[in-house]
DNA sequence: AACGTGACTTATT
DNA sequence: GAATAAGCCACGT
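Numbering (this note's numbering), first residue to last: 13 to 134.
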């Protein structure tokens with residue numbers, strides 16, 4: 013059995029872009045619990061596009077001003093790769109610290125302790 | 001339509 | 001563990 017499942021959901025005449033994709037990302041990010049973090053890959057997987065963590069980051073970038081807790085999204089190493097997109101390079105780290113998230117000596121989030129895996133939406 | 005870019009990830013050296 | 005390469009999807013030019 014093969015899973016070429018590439019469902020594009022053409023139901024809605026999304027002529028410009030797959031709004032569906034953005035919607036999924038937003039939903040997942042919005043559900044990250046207080047004091048927890050997740051990764052781009054995990055979000056991508058929850059949205060059904062496991063192989064496109066990059067696109068997730070790009071999608072979130074457009075949502076920084078959308079009230080999303082995007083500071084809780086880090087890369088697989090727990091590094092705050094997108095901190096420079098918050099305006100202040102320290103804002104992301106500060107927000108996480110205020111939520112109780114701890115960092116190691118290298119400035120990375122202690123993933124084994126604060127990683128939260130989103131539930132699959134697809 | 002083609003090419004380059006990117007808040008990523010995995011495998012290889 | 002650092003540096004490279006390749007794969008990945010969507011967007012802008």
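We treat Cβ as the ideally placed atom computed from N, Cα and C, and that holds for glycine.
All values reported here derive from a predicted model rather than from experimental measurement.
- DSSP places residue 76 within a helical segment (H, G or I) once states are collapsed to three.
- The region 34-41 and the region 97-116 do not touch, with fewer than three beta-carbon pairs separated by less than 8 Å.
- Rounded to the nearest angstrom, the gap between the Cα atoms of residue 54 and residue 62 is 7 Å.
- In this chain, residue 63 is not harboured by any alpha helix (DSSP H), its DSSP state being neither H nor E.
- Rounded to the nearest angstrom, the Cβ distance from residue 71 to residue 65 is 11 Å, too far for a contact under 8 Å.
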